[in-house]
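Heads up, the thing below is written out as C-alpha cells.
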Amino acid sequence: HTNVFREWASSKIGPDGLALNLGSATQLATFLFGGSTNEKTKEPTETVRVFRVARAEIPDDAMEAYRERDAAHAAAQQENANGEDSAEDYLDTLKAAELK
Numbered sequence: 003h004t005n006v007f008r009e010w011a012s013s014k015i016g017p018d019g020l021a022l023n024l025g026s027a028t029q030l031a032t033f034l035f036g037g038s039t040n041e042k043t044k045e046p047t048e049t050v051r052v053f054r055v056a057r058a059e060i061p062d063d064a065m066e067a068y069r070e071r072d073a074a075h076a077a078a079q080q081e082n083a084n085g086e087d088s089a090e091d092y093l094d095t096l097k098a099a100e101l102k
C-alpha cells in the first residue's frame, strides 16, 4: 500500500511524493493538510515546508524521478536559449509607445 500512496503523492506534487517519509507525521500533515485553517489559531497551515534529508535516505525511484525532471528542465532551457521557443505573444506585437 505504501507504493500506491507514494505513486499517488508523486502524481500530485512530483518526485517529492516519492521521497515522502511516510513515518513522519510532520511530512504527512504538511502534504495532506497544508493550507488548511488551524482550528486553534485560525491561521492557515504551511503549504510548503523544506525537509533536509540525507541523500542515502531518498529512495532510488525518487532519485531517478528527480534526474528525469532535471533533464527535462535542462532540455527546455536549452530549447529556449536556442530560440526554438519562438511563439509570439500579445506583448511581442506591441510598439514601445503602446507599452507605456
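With the working numbering applied, the sequence shown corresponds to residues 3 to 102, in that order. Note that CB positions come from ideal geometry on N, CA and C, so glycine has one too.
Annotation: TRP10 to LEU34 spans about 12 Å, alpha carbon to alpha carbon. Put simply, the backbone Cα of GLN80 is about 12 Å away from that of ASP72.
Cβ-Cβ separation between ARG8 and LEU22: approximately 6 Å, consistent with a contact (criterion under 8 Å). Per DSSP, reduced to three states, the secondary structure at PRO61 is coil, with no helix or strand assignment.
In this structure ALA64 is buried. Its beta-carbon is surrounded by 16 or more other beta-carbon atoms within 10 angstroms. Shown here for THR39: same chain residues with a beta carbon closer than 8 Å to its own, the five before and five after excluded, namely GLU45, PRO46, THR47 in chain order. Beta-carbon to beta-carbon, THR32 and ARG57 are separated by about 21 Å, too far to satisfy the 8 Å threshold.
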